[in-house]
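Chemist: Numbering (our numbering), first residue to last: 2 to 103. Mind having a look at this structure? Questions to follow.
Quick look at the structure:
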């Protein structure tokens, strides 16, 4: 779908190849051309993985919110934003960071 929309219909990105035909290798222009060719496939891979990261983050956050230290933070009078940013988010991101590094 990305190739059809951004390459064929809009013409913003090339639809095939690693570099443009006739490109001179070793120059800044050829490097930028290579990055232009790499953008669409990298975006497709990233979009495919984002869903997995979101599911893991949501599951980790729901587990963290039921922990005893979150109940204690709520009892101490912290707002929801403070609880989420100071306590829950840091602990919930551990499985997500582990998944990203794999």
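Positions of the beta carbon are idealized from the N, C-alpha and C atoms, including for glycine.
Apart from the five residues on each side of it in sequence, which residues of its chain come closer than 8 Å, Cβ to Cβ, to residue 42?
Modeler: Excluding sequence neighbours, residue 42 sits near nothing in its chain.
Chemist: Hey, residue 67 and residue 3 are a contact pair by Cβ (cut 8 Å); roughly how many whole angstroms apart?
Modeler: Actually they do not touch by this definition, with Cβ atoms about 39 Å apart.
Chemist: Can you tell me where the alpha helix (DSSP H) with residue 30 in it begins and where it stops?
Modeler: Residues 29–65.
Chemist: Between the stretch 32–40 and the stretch 70–88, are three or more C-beta pairs nearer than 8 Å?
Modeler: Contact between the stretch 32–40 and the stretch 70–88 is absent, because fewer than three Cβ pairs lie under 8 Å.
Chemist: If you compare alpha carbons, which of 39, 27, 29 and 28 is closest to residue 16?
Modeler: Of the candidates 39, 27, 29 and 28, the one whose C-alpha sits nearest the C-alpha of residue 16 is 39.
Chemist: I need the DSSP call for residue 96, collapsed to helix, strand or coil.
Modeler: Of the three classes helix, strand and coil, the one that applies to residue 96 here is helix, per DSSP.
Chemist: Nearest CA to the CA of residue 99: which residue from 61, 29, 13 and 70?
Modeler: The shortest C-alpha separation from residue 99 is found at 61.
Chemist: Measure from the alpha carbon of residue 84 to the alpha carbon of each residue in 72, 52 and 51, then state which is nearest.
Modeler: The shortest Cα separation from residue 84 among 72, 52 and 51 belongs to 72.
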